[in-house]
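A quick write-up on the structure given underneath.
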Amino acid sequence: MKMPKAKATMGSRILALFVGLLLLWGLVSGVYAGDFKLGGEPYLSVDHPIGFWSYALFLAFSVISLLYIAAFGEDDSAKH
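The structure is reproduced here in structure tokens:
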């Protein structure tokens, strides 16, 4: 029985990139905000510039990726 090949759509690529960046940021912030603090504030604090910009980029990327998937559809390579 031949299984169909799975094709990566643009939506799934964006989602995979999003999850990868989220995991990478979680790793980096976990290392730096766990024990080490900069100026007495943890990196993940919204008051800290690194925390603020990370949250801003996180929200912007998630909104853009959701709008892209909503506009172009998730399964754009399934058309034969």
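Per this note's numbering, the sequence shown starts with residue 2, numbered consecutively. By construction, the Cβ of each residue, glycine as well, lies at the ideal position given by its N, Cα and C atoms.
Task: ILE70 (DSSP reduced to helix, strand or coil) - done: helix
Task: Nearest residue (CA-CA) to VAL20, options PHE59, LEU68, ILE70 and TRP54 - done: PHE59
Task: Check whether PHE73 and MET11 have beta carbons under 8 Å apart - done: yes
TODO: Measure how close the beta-carbons of SER66 and LEU22 come, nearest whole angstrom, since I'm counting them as under 8 Å.
DONE: In fact, because the Cβ distance is near 11 Å, the residues do not count as touching under 8 Å.
Open item on the list: Measuring only the C-alpha atoms, how far is PHE37 from TRP26?
Closed with: The predicted model places PHE37 with a pLDDT of 49, which falls under 50 and marks its position as unreliable; any figure quoted below should be read in that light. If I take the Cα positions, the gap works out to 16 Å.
- [ ] Alpha carbon to alpha carbon, how far is LEU18 from TYR69? Give it in angstroms, no decimals.
- [x] 14 Å
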